[in-house]
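Here the sequence shown stands for residues -23 to -1, 1 to 176, numbered as in mature numbering (1 follows the signal peptide of the UniProt record, and there is no 0).
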Amino acid sequence: MAYVVYTLLVAFFSVVHNDIVDAQSPTHWGRCPQHVPAVELDLEKFQGLWYEVERTFYVFELLAVCPRFNFTLLDDGSLEVQFFMKNRVYQDTNVYTGEVVPERKNPSVWDVRPKTSLPSMISRILPGSGKYYVLDTDYDNFAILWSCSNMGLMHSDLIWILGRDKKISPLHRSLIYSTLDSFKIDDGRLTLSKQKDCD
């Protein structure tokens, strides 16, 4: 009985959480655009440590500092992703683990779900789950990660700029912004992620 109550509470607060995220993320008329990634992703080259350098507003990361991702390529062709972030209030580091399943025809398009013992119908609506696109990467310096959710007549999207280092050079930053502009994605929504005093 307790497990059922717990499952229902998680589902409820996850739905509320996602509604809050959608409500506070920039929304646009129409369904999510069909962006075609600029690169055919090589998962083996992509795996490893990436720091979050910039992102759009995301409630889940409201208290997060020092965010970073570690991707590990598995034998079945999927990726395990670990997301590390330090809570700026309590100063403890939290680790969230998820599964990345790339599309067979286009490995730049991912289906991401948190690793959890909850039923799949619940895990699909947990924060972090959904479809993600690696719009571009050079593997050694930067990667552009984009996700979008349809909300009836409108859609809401999120952007993450990842770097192999905590800072990205002006040259690569210019290239990133040019790429976003080619996709008609407003880079003015991006804010710098906090990567100071992380060690």
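Using N, Cα and C, we set each Cβ at its ideal position, and we do this for glycine too.
Item                                                                                                      : Value
Residues near P14 in its chain [Cβ-Cβ closer than 8 angstroms; skip 5 each side]                          : N83, S85, V86, Y110, V111, L112, D113
Of the listed residues L135, C125, K143, I136, nearest to D117 (C-alpha basis)                            : K143
Option in L39, K161, F46 with minimal Cα separation from G25                                              : F46
Presumed contact (8 angstroms Cβ cut-off) between E29 and P44, rounded CB distance                        : 4 angstroms
Sub-8 angstroms separation of T70 and F60 beta-carbons                                                    : no
Residue of L139, K161, T168, D88 minimising C-alpha distance to W27                                       : L139
Alpha-carbon to alpha-carbon, F119 and H149                                                               : 7 angstroms
For D(-2), three-class secondary structure by DSSP                                                        : Because D(-2) sits at a pLDDT of 40, beneath the cut-off of 50, its placement in the model cannot be relied upon, and the following sentence gives the value as read from the coordinates. Residue state, collapsed to three classes: helix.
Distance, I121 Cα to L157 Cα                                                                              : 9 angstroms
Distance between beta carbons of V77 and V58, contact taken as under 8 angstroms                          : 5 angstroms
Exposed unless 16 or more other CB atoms sit within 10 angstroms - verdict on L18                         : buried
Euclidean distance between Cα positions of R81 and K92                                                    : 21 angstroms
Q11 versus K108, L152, Y35, Q172, residue with shortest Cα-Cα distance                                    : K108
L135 - partner residues in DSSP beta bridges                                                              : S124
Cβ distance (whole Å) where C9 is taken to contact D134 below 8 angstroms                                 : 7 angstroms
Length of the line joining the Cα atoms of T49 and S124                                                   : 20 angstroms
Separation of R166 from L130, as counted between CA atoms                                                 : 22 angstroms
Outcome for G7 when other beta-carbon atoms lying within 10 angstroms are tallied against a minimum of 16 : exposed
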